[in-house]
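The sequence shown begins at 7 in this note's numbering and counts up one residue at a time.
All C-beta atoms, glycine included, are put in the ideal place defined by N, C-alpha and C.
Only one structure is covered here, and it is reproduced in the block below.
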Amino acid sequence: MKDADGFSCYMRALIESYHKIKVFSKTGKPGRPKDPIKEPHPDLVYGQVIKERKGSRIIGVTYRIKCGAKRLAQLGLKISTTLLERLNLTLRQSLAPLARKTLGFSKERKNLRKQIVFFQAFYNFARPHMSLREKVSETTKPFEQRWASKTPGMAAGLTDHVWTFRELLTVKLAQAP
Numbered sequence: 007m008k009d010a011d012g013f014s015c016y017m018r019a020l021i022e023s024y025h026k027i028k029v030f031s032k033t034g035k036p037g038r039p040k041d042p043i044k045e046p047h048p049d050l051v052y053g054q055v056i057k058e059r060k061g062s063r064i065i066g067v068t069y070r071i072k073c074g075a076k077r078l079a080q081l082g083l084k085i086s087t088t089l090l091e092r093l094n095l096t097l098r099q100s101l102a103p104l105a106r107k108t109l110g111f112s113k114e115r116k117n118l119r120k121q122i123v124f125f126q127a128f129y130n131f132a133r134p135h136m137s138l139r140e141k142v143s144e145t146t147k148p149f150e151q152r153w154a155s156k157t158p159g160m161a162a163g164l165t166d167h168v169w170t171f172r173e174l175l176t177v178k179l180a181q182a183p
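So, in structure tokens, the structure goes:
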């Protein structure tokens, strides 16, 4: 899901990044066939949260679903900026090039992309999250484990354990089709 502030070029950029190609069949009529077009991917959900302000106070909030309303309903979700803002904060705190007023900027976009991909793997497979942990026992004895650590990858069923840093760096990935 992508939330945005109402800037009109976001939809074109999202379709450019997350699309499927729609090919038109031949009609049998003379002339050129219609060119293929890019359509939003069926899983793409794009919503806008537009805040109306009077001075420094918010007096109204408008929610618009630009694409993927059916998918949003299937997932049982509502448009919210809180998850997106939390993700932005986590990324800024974890990746120096994304922090504000930093000396750790990335000179090349390619290198920044590599850092983000690595952080995404680390975040999902090697970093346990407190909100995902599971209760192991009800004991009150000191030094006995009451909680089992869990990563987002474990919660999604992609792995059965918390990965080590070495495992993350040496895993052999399948090639994309």
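Open item on the list: For I85, count the other beta carbons within 10 Å of its own beta carbon; 16 or more makes it buried, fewer makes it exposed. Which is it?
Closed with: Stepping through the sequence shown from its first residue, residue 85 is reached at position 79. By the 16-neighbour rule on beta-carbons within 10 angstroms, I85 is buried.
- [ ] Look at the alpha carbon of K147 and the alpha carbon of F171, and state the distance between them as a whole number of angstroms.
- [x] Along the sequence shown, one-based indexing puts residue 147 at 141. Along the sequence shown, one-based indexing puts residue 171 at 165. Answer to the nearest angstrom: the Cα atoms are 31 Å apart.
Open item on the list: I need the straight-line Cα distance from L118 to P103, nearest angstrom please.
Closed with: What you label residue 118 is simply residue 112 of the sequence shown in a count that begins at 1. What you label residue 103 is simply residue 97 of the sequence shown in a count that begins at 1. Going from the Cα of L118 to the Cα of P103 covers about 7 Å.
Open item on the list: Helix, strand or coil for S14? Go by DSSP, reduced to three states.
Closed with: In the sequence shown, the residue the question calls residue 14 occupies position 8. Shown here, S14 sits in coil according to DSSP, grouped into three states, outside any helix or strand.
TODO: With a 10 Å radius around its C-beta and 16 neighbouring C-beta atoms as the bar for buried, classify M136 as buried or exposed.
DONE: The sequence position of residue 136 within the sequence shown is 130, counting from 1. Label assigned to M136: exposed.
- [ ] Taking T157 and F131 to be in contact with their CB atoms under 8 Å, please state how far apart those CB atoms are, rounded to whole angstroms.
- [x] By one-based count along the sequence shown, residue 157 stands at place 151. By one-based count along the sequence shown, residue 131 stands at place 125. That belief holds up - the Cβ atoms of T157 and F131 are roughly 6 Å apart, short of 8 Å.
TODO: Apply the 10 Å Cβ neighbour rule to G159 and answer buried if 16 or more other Cβ atoms are within range, or exposed otherwise.
DONE: Indexing the sequence shown from 1 puts residue 159 at position 153. Label assigned to G159: buried.
Open item on the list: Looking at the secondary structure, which residues open and close the alpha helix (DSSP H) in which V123 lies?
Closed with: Locating residue 123 in the sequence shown gives position 117, where the first residue counts as 1. Unbroken alpha helix (DSSP H) run through V123: 115 to 127.
Task: Where the alpha helix (DSSP H) containing P158 begins and where it ends - done: Sequence index remark: in the sequence shown, residue 158 carries index 152 (1-based). Note, P158: alpha helix (DSSP H), 158 to 161.
- [ ] Determine the DSSP secondary structure at M7, reduced to helix, strand or coil.
- [x] Position 1 of the sequence shown, counting from 1, holds the residue named residue 7. Unreliable positioning characterises M7 in this predicted model, as indicated by a pLDDT of 48, which lies under 50. The coordinate reading is nonetheless provided below. Three-state DSSP puts M7 in coil, outside helix and strand.
Open item on the list: For Y69, count the other beta carbons within 10 Å of its own beta carbon; 16 or more makes it buried, fewer makes it exposed. Which is it?
Closed with: Start at 1 with the first residue of the sequence shown, and residue 69 comes out as number 63. By the 10 Å Cβ count, Y69 comes out exposed.
Task: Among Y129, G66, G110, P42, nearest to L93 - alpha-carbon criterion - done: For the purposes of this step, residue 93 is identified with residue 87 of the sequence shown, where counting begins at 1. Out of Y129, G66, G110, P42, Y129 has the C-alpha closest to the C-alpha of L93.
- [ ] Look up P46 in the DSSP assignment and give the residues it is bridged to.
- [x] Against the sequence shown, residue 46 aligns to sequence position 40. Answer is H25, bridged to P46.
TODO: State the DSSP-derived secondary structure class of T108, mapped to helix, strand or coil.
DONE: The count along the sequence shown starts at 1 and reaches residue 108 at position 102. Correct three-state label for T108: coil.
TODO: Can you grab the Cα-Cα spacing for the pair V67 / E58, in whole Å?
DONE: Indexing the sequence shown from 1 puts residue 67 at position 61. Indexing the sequence shown from 1 puts residue 58 at position 52. Within the model, the alpha-carbon separation for V67 versus E58 is close to 6 Å.
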